[in-house]
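Written out below as structure tokens is the structure these notes cover.
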Amino acid sequence: MEHAEKRLVLDWNQPLRQAMFYKAVYRPAAVLRANGLTPTTKVLPAGLRFRSLRHTYASLCAAVPSISVRQVAGWMGHANPTTTELVYTHLHSKADHDDEMAALQALATTPNYQGNNVIPLHG
Numbered sequence: 001m002e003h004a005e006k007r008l009v010l011d012w013n014q015p016l017r018q019a020m021f022y023k024a025v026y027r028p029a030a031v032l033r034a035n036g037l038t039p040t041t042k043v044l045p046a047g048l049r050f051r052s053l054r055h056t057y058a059s060l061c062a063a064v065p066s067i068s069v070r071q072v073a074g075w076m077g078h079a080n081p082t083t084t085e086l087v088y089t090h091l092h093s094k095a096d097h098d099d100e101m102a103a104l105q106a107l108a109t110t111p112n113y114q115g116n117n118v119i120p121l122h123g
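Take 1 as the starting number for the sequence shown in the numbering used here and just add one per residue.
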């Protein structure tokens, strides 16, 4: 974080690199404003970091049998799938969690309704 804050201090003795300014200053400010946030707005609960969300996402993806480690590595931006395999797949032994993963997959599927069995709850 300290490294990122140092990049935000403009050194007027150096040329301003537009790409770096856009990435480090303009884009984050635009995202905050578009979402009605300020730099001091607490987006996540205390103790939860975006890195934790990234780790959870990658771990769950790596545990799905139909998703290859190579695919997860690509989504995570890892140059080497071995990194993904070492960091994220150690949490799950696929043989031990087949039932749980099937239940999670069932949540992602669209229900198949047969006929007109929807009952209105009001008026």
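For glycine and all other residues, C-beta sits at the position ideal for the given N, C-alpha and C.
Cβ distance (whole Å) where residue i is taken to contact residue j below 8 Å
| i | j | result |
| --- | --- | --- |
| Thr83 | Ala62 | Between Ala62 and Thr83 the Cβ distance is about 12 Å, and since that is not below 8 Å, they are no contact. |
| Asp65 | Met20 | Reading the sequence as shown, one finds Pro at residue 65 and not Asp. So it is not a contact: roughly 41 Å between Cβ atoms. |
Endpoints, the alpha helix (DSSP H) within which residue i is located
| i | result |
| --- | --- |
| Val72 | 69-76 |
| Ala108 | 98-108 |
| Thr82 | 81-88 |
Residue i: CB within 7 Å of a non-hydrogen atom of the ligand PLP
| i | result |
| --- | --- |
| Trp75 | As presented, the structure is devoid of all ligands, the ligand PLP included, so that no description of it is given. |
Option nearest residue i by Cα separation, candidates the options
| i | options | result |
| --- | --- | --- |
| Thr56 | Val72, Ala79, Pro81, Thr41 | Val72 |
| Ala103 | Thr38, Leu60, Ala46 | Leu60 |
| Ile67 | Asn80, Pro28, Gln105 | Gln105 |
| Met76 | Val87, Ala58, Leu86, Leu37 | Ala58 |
| Glu85 | Asp99, Asp98, Arg70 | Arg70 |
| Arg54 | Pro15, Gln18, Val87, Ala79 | Val87 |
Worksheet item: Going along the chain, which unbroken runs of the alpha helix (DSSP H) with 4 or more residues stay wholly within the stretch 8-59?
Response: 18-21, 27-34
Worksheet item: So, do the stretch 48-68 and the stretch 28-37 have three or more beta carbon pairs nearer to each other than 8 Å?
Response: no
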